[in-house]
Amino acid sequence: MATGGATTWYFPDGELPQPATSGTMEPHEALMVFNLNSEPAQLTLDIYFKDRDPLKGLALTVPGERVINFRLDHPDELGGVEIPRGVQYALRLQSSVPVVCQFARLDAAQPTLAYYVNIGLSE
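Residues 36 to 158, numbered by this note's numbering, are exactly what the sequence shown covers, in order.
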């Protein structure tokens with residue numbers, strides 16, 4: 036097993052930006068998961084909202100020694116689950132093996148683009 040990473044990650048600041056009205060950049064948020072291990076990382080993703088019940092138990096996989104960028108605005112990458120735009124949410128990711136995670140947001144709704152990266156809290 037590779038060293039480094041953690042089996043539980045928390046990202047408290049999620050809110051999918053609204054679609055851009057101009058330009059070519061597509062506003063989105065993404066969860067990057069880097070698996071340094073030789074075996075696949077079996078992930079469980081829970082999504083918590085400010086004003087509704089959480090969505091728990093989304094199953095995702097990252098093959099061994101790979102990195103996957105899960106686009107949070109693409110339901111097909113989340114087992115068909117759609118996160119609504121403009122709604123505050125938080126993520127908890129649990130993994131069968133230690134992984135390294137990062138959360139990012141591209142907000143292109145304004146002429147001055149904003150790219151935000153968050154490493155999150157791990158344990």
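Ideal placement from N, C-alpha and C gives every residue a C-beta, glycine not left out.
Separation of V122 from F84, as counted between CA atoms: 8 Å
Coil, strand or helix - E74 by DSSP: coil
7 Å Cβ shell around R101 - same chain, five flanking residues per side excluded: N70
Exposure of V132, with buried meaning 16 or more beta-carbon neighbours within 10 Å: buried
Span of the beta strand (DSSP E), counted from its first residue to its last, around I103: R101 to R106
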